[in-house]
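Asks: Take a look at this one; I'll ask things after.
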Ligand SMILES: [Zn+2]
């Protein structure tokens, strides 16, 4: 899904708006397949980390969530590669992979972030995108 799918105009994030936020778990999207630990709208600087993720991050038991969300902000989608940073934890666990070791980005992903940066396609902040998404579902 792209930013224009919301029928909204994006704007650059303002100086007084947070890039990272720790939010109550119930503010994140609910799914039936997994617990959402954090979420970021692709190509945006609007990164929300759920409270459930914080203890593991503080205890060095989560080296991925922050970097994974930054990957989304750089324009990356999810992958299915069990060693890749952008593969969701529940998928890695389902395949008995070690999610703490799934920290790789491939050349194409790095190129995507680089291209998005060069062509000014980052920082696509959309006000209230979660509510807009819910209305469409
Ligand atoms: Zn993700």
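In the numbering used here, the protein residues as written are 3 to 139. All C-beta atoms, glycine included, are put in the ideal place defined by N, C-alpha and C.
Let me check understanding here. Comparing Cα to Cα, which of 26, 89, 104 and 18 lies closest to residue 56?
Replies: 26
Asks: Could you tell me whether any non-hydrogen atom of ligand 2 is closer than 6 Å to the CB of residue 27?
Replies: For the structure depicted, ligand 2 is absent and the ligand set comprises only ligand 1.
Asks: Could you name the residues of the same chain whose beta carbon sits closer than 8 Å to that of residue 51, not counting the 5 residues immediately before and after it, in chain order?
Replies: 22, 23, 24, 25, 39, 40, 59, 67, 68 and 71
Asks: Would you list, in sequence order, the uninterrupted alpha helix (DSSP H) runs of no fewer than 4 residues that lie entirely inside the segment 73-99?
Replies: 91-96
Asks: Can you tell me where the alpha helix (DSSP H) holding residue 113 begins and where it ends?
Replies: 109-120
Asks: Which ranges would you report for the beta strand (DSSP E) in the segment 12-70 if only whole runs of at least 3 residues count?
Replies: 22-25, 40-42 and 49-52
Asks: By Cβ distance, which residues of its chain are closer than 6 Å to residue 91, with the 5 residues on each side in sequence left out?
Replies: 101
Asks: Going by other Cβ atoms of all chains shown within 10 Å of its Cβ, with 16 needed for buried, is residue 118 buried or exposed?
Replies: buried
Asks: Residue 49 to residue 94, Cα distance in whole Å?
Replies: 22 Å
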